[in-house]
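Counting in numbering that gives the first Met the number 0, the sequence shown runs without a single skipped number right up to 352 at its last residue. Built from N, CA and C at the ideal position, the CB exists for glycine as well.
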Amino acid sequence: MDSSRTIGGQSPDVDGFNTTDGDALATQQWKSRDFSHSENLDLHLECVRQEPDNIDNIDKASYFDLFEWNSPIDSKKKLTLFPKWHLPLKVAAALTLFIFIYTFIREVLHPYVMRSRNEFYRIPVLVVNKVLPVVSITLLSLVYLPGILAAVLQLYRGTKYQRFPRWLDTWMLRRKQFGLLSFFFGVMHALYSLSYPMRRSYRYRLLNWAFQQVKENKENAWIEHDVWRMEIYVCLGILSLAILAVLAVVSIPTIASSLSWREFIFIQSKMGYIALFLCTAHAFVFAWDKWVDVNQFIWYTPPSFMLAVILPVIALVCKAILLLPCLNKRVQKIRCGWESKQENGNKRVMYHF
């Protein structure tokens, strides 16, 4: 929810992919205007086009084509490519680069330096597939953290009629883009995971495992807890990706406009947190007992799945705290227009001066 809706609206905060765009609102308001004298449309358009330098003609005209009319002022403005995606793409690129270098050092460089093993073949698939889920779940956390910060700020101020800081306002307006990027990285992670059996290196490794089993005279290589771990975390991954797909589809303006406000809140907020919880559980089950395995801490660095769950756990814990009745009721009252006594006192003092 952007700051304009926070200040003037009575609706609760929606922490999801789809945030109302100011440009879209302006366009919708323009289209909803009741224009009179529509039969003189061609005449008004011709009047504006004949004297484009006189901006006052726009006010005299009942209607002008928003897409065909070229303002001399707007023509001087430099058009930017996907301006709303600049910040999310920069954050996603920085995260991807950092996690890739981190994983490369652990998975490729360490075996080469310590044991002279050539593991560079792991870069195109295995290393990349360890980067994708970390970036995906981190970006998903960035969708819901600004809503939590906004709620905390409103609790602290005791009112909703104060603007958020510029950085928080910008962050909240980019939640949709963060969510779509999270879904993109999640889909890529699923596709990379499905490609594992098709890799030649995987087939060779299966043959080596089979030969090792015959050499050790083992008739059954079944490991119960490992089987359960795989089944559970694959199930959680599929469920979380399915919910993310629903959130991504609902973020399409035509789909969002067909939903009621209550339906929109439920999908983007409630289902969004369910998706974040399932993704976090997916990471925890994948780790299983590796949390206490000393061998996982290569060169004294924690494994990547530990880095992946930091922000999601913070977001989920903070959301759980805000759902406590003593805090949740106060937040809802503030968002419905209620103000604390201290804030009312401050307003009286300012009015007196």
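Cα-Cα separation, residue i to residue j
| i | j | result |
| --- | --- | --- |
| H85 | W208 | 47 Å |
| L238 | A274 | 8 Å |
| R162 | I333 | 14 Å |
| M187 | Q331 | 38 Å |
| P87 | F183 | 13 Å |
| V124 | V151 | 41 Å |
| A356 | F119 | As displayed, the chain neither begins before 0 nor continues past 352, which places residue 356 out of reach and without an answer. |
| S339 | R156 | 8 Å |
| C335 | L139 | 28 Å |
| N216 | E223 | 19 Å |
| A280 | A220 | 27 Å |
| I131 | S257 | Correcting the residue type first, residue 131 is Leu in the shown sequence and not Ile. Distance between the alpha carbons of L131 and S257 is about 33 Å. |
| Y143 | W260 | 19 Å |
| R173 | C317 | 21 Å |
| G236 | A189 | 8 Å |
| L167 | Q153 | 13 Å |
| M353 | L80 | The chain is shown only over 0 to 352; residue 353 falls outside these bounds and no answer can be derived. |
| S200 | I122 | 12 Å |
| L193 | V233 | 11 Å |
| R204 | L78 | 53 Å |
| F210 | R202 | 12 Å |
| D292 | T300 | 12 Å |
| T169 | C325 | 29 Å |
| H109 | F296 | 11 Å |
| R116 | Y191 | 24 Å |
| N327 | E218 | 58 Å |
| K214 | N294 | 26 Å |
| I231 | W337 | 45 Å |
Anticipated Cβ contact below 8 Å, residue i with residue j, distance rounded
| i | j | result |
| --- | --- | --- |
| Q176 | K83 | 6 Å |
| F265 | L315 | Not quite, the Cβ-Cβ distance comes to about 18 Å (not below 8 Å), so this is no contact. |
| G178 | L246 | 6 Å |
| R228 | W287 | 5 Å |
| I100 | S303 | About 11 Å separates the two Cβ atoms, so there is no contact after all. |
| T102 | K129 | 5 Å |
| T137 | A307 | 7 Å |
From the options, residue whose alpha carbon lies closest to that of residue i
| i | options | result |
| --- | --- | --- |
| W298 | M305, I100, I104 and R198 | I104 |
| L141 | A319, E118, L321 and L310 | L310 |
| V226 | V284, N294, H109 and Y272 | V284 |
| M305 | V133, L154 and L326 | V133 |
| L321 | N294, I147, R116 and S135 | I147 |
| E106 | A93, A91 and V127 | V127 |
| S250 | R165, G271 and C234 | G271 |
| A282 | W337, A92 and S135 | S135 |
| A319 | R116, K269, T300 and R165 | K269 |
| A244 | P301, T300 and Q267 | Q267 |
| P145 | I313, R329 and A91 | I313 |
Residue burial classification, residue i (beta-carbon count within 10 angstroms, cutoff 16)
| i | result |
| --- | --- |
| L180 | buried |
| M171 | buried |
| L206 | exposed |
| I242 | buried |
| Q353 | Residue 353 lies beyond the range of the chain shown here (0 to 352); nothing can be said about it. |
| A93 | exposed |
| C278 | buried |
| F263 | buried |
| P164 | exposed |
| L323 | exposed |
| P252 | exposed |
| Y196 | Looking at the sequence itself, residue 196 is Pro, so the reference to Tyr does not match. P196 comes out exposed. |
Strand pairing of residue i, partner residues [DSSP]
| i | result |
| --- | --- |
| I147 | Its beta-bridge partners do not exist; DSSP assigns none. |
| T300 | I297 |
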